[in-house]
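Below is one structure, written out as structure tokens, with a few remarks after it.
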Amino acid sequence: MSWMNKLWKGACAAADVVCALATTPSPPVVVGRGSANEVQVMIGELPHLFRDEGDSVVHFVAAFEKRLTSTRFGHKLLPSVAPHWEAVETISGRTISDAVSDAVRAHEATQGCAAPLKTSVAPADTPASTAGNTRQAVATPDGQAPRGEPASRRSGGARQHSLHVYHGKAVWWGEDDFPDRKRPGKTYRSFALRLDGPSGQQILQGEGLKDAITDAGCRLGDMVEVTRLRKVKVPAFTTSGEPKRDEHGNQVLWEKWLWSISRAH
81 MSWMNKLWKG ACAAADVVCA LATTPSPPVV VGRGSANEVQ VMIGELPHLF RDEGDSVVHF
141 VAAFEKRLTS TRFGHKLLPS VAPHWEAVET ISGRTISDAV SDAVRAHEAT QGCAAPLKTS
201 VAPADTPAST AGNTRQAVAT PDGQAPRGEP ASRRSGGARQ HSLHVYHGKA VWWGEDDFPD
261 RKRPGKTYRS FALRLDGPSG QQILQGEGLK DAITDAGCRL GDMVEVTRLR KVKVPAFTTS
321 GEPKRDEHGN QVLWEKWLWS ISRAH
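Count the sequence shown with the numbering used here and you get residues 81 to 345, in order.
What follows is the structure, encoded as structure tokens:
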């Protein structure tokens with residue numbers, strides 16, 4: 081019977097191992113690290129992350145928890161600098177592109193489809209002086225001072241509103257290189273939109289234009305009105321998708337212009 085006892089004990093040990101493996105919780109999945117199955121987009125004023133899980137897409141929203149922080153004025157309850165990703169929904173049977181489009185449309189539905197609120201327009205930066213008879217204007221990019229690019233000729237106080245509201249035909253958009261005033265001889269890349277208008281071609285630049293183009297459903301050749309609204313602070317990421325952090329390990333925030341686009345009919 082000794083062999084029966086050994087066989088029984090072996091079977092029990094194997095069962096214990098299987099049960100232990102089945103009950104061991106899986107390690108938490110870390111998101112927001114720039115994985116190939118993740119896409120980060122700005123919808124409205126909030127970063128969103130979409131993660132492809134194969135049979136479903138998980139939608140996350142950046143959340144900032146408040147914590148008690150010591151300041152020179154005493155302890156205050158302040159939002160954390162580094163956000164965490166909070167899952168808001170799991171979408172089955174949809175691709176990431178579908179999920180992003182659905183989220184953008186849902187945001188548009190909550191905001192309405194009214195024309196840009198011109199009363200909310202922030203004062204524009206002083207444009208660079210006109211160089212010669214050039215007709216090309218460059219709008220201020222995100223988090224940057226005016227780069228000294230030639231601006232269209234403006235005149236009269238009645239036209240000050242046109243400094244941050246632009247009209248024309250959308251003829252091109254994408255990444256482009258611009259001179260960096262902070263580093264003479266160097267350039268930086270930024271998203272840009274080119275408009276053909278009555279006064280010539282204008283180049284608007286800023287990452288926020290991507291969201292405005294998506295929200296408005298713009299296509300090349302559309303006649304549009306583009307309004308630069310205001311600056312907001314958003315989390316900064318490296319080109320590899322990693323969160324950019326300072327020497328203390330805190331998430332770096334950068335300033336981003338919000339834009340609004342409406343199509344002319």
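Every residue gets a Cβ at the ideal spot worked out from N, C-alpha and C, and that includes glycine.
Tell me where the beta strand (DSSP E) around ASP260 begins and ends.
Per DSSP, ASP260 belongs to no beta strand (DSSP E) and is neither H nor E.
Between which two residues does the beta strand (DSSP E) containing THR170 stretch?
164-172
In chain order, what residues of the same chain have a beta carbon less than 6 Å from the beta carbon of VAL119, not counting five sequence neighbours either side?
PHE130, ILE176
What residue range does the alpha helix (DSSP H) around ASP291 cover?
288-296
Do the CB positions of GLY288 and HIS187 come within less than 8 Å of each other?
no
Whole-number beta carbon distance between ILE283 and ALA75, since they are thought to touch under 8 Å
The structure shown has nothing for residue 75, since the chain only spans 81 to 345.
On the DSSP letters alone, give me the boundaries of the beta strand (DSSP E) that ALA272 sits inside.
267-277
Which residues mark the beginning and the end of the beta strand (DSSP E) in which ARG343 is found?
333-343
Note down the Cα distance separating ASP178 from SER136, rounded to an integer number of angstroms.
11 Å
Measure the CB-CB distance between ASP291 and ARG343 and report whether it falls below 8 Å.
no
Exposed unless 16 or more other CB atoms sit within 10 angstroms - verdict on TRP252:
exposed
Would you report the Cα separation of SER270 and VAL314, rounded to the nearest angstrom?
16 Å
Coarse secondary structure for ARG310, derived from DSSP in three states
strand
Using DSSP bridges, identify the partner residues of SER177.
According to DSSP, SER177 bridges with nothing at all.
Please report the distance separating the alpha-carbon of TRP334 from that of HIS247.
28 Å
Within this structure, are the beta carbons of ILE341 and VAL306 separated by less than 8 Å?
yes
How should HIS128 be labelled, buried or exposed, when 16 other C-beta atoms within 10 angstroms of its C-beta is the threshold for buried?
buried
GLU118 lies in the beta strand (DSSP E); which residues open and close that run?
118-123
Buried or exposed: ALA167, going by 16 or more other Cβ atoms within 10 Å of its Cβ?
exposed
Would you mind sorting LYS336 into buried or exposed? The rule is 16 or more other CB atoms within 10 Å of its CB.
buried
Range covered by the beta strand (DSSP E) that runs through ARG131
126-132
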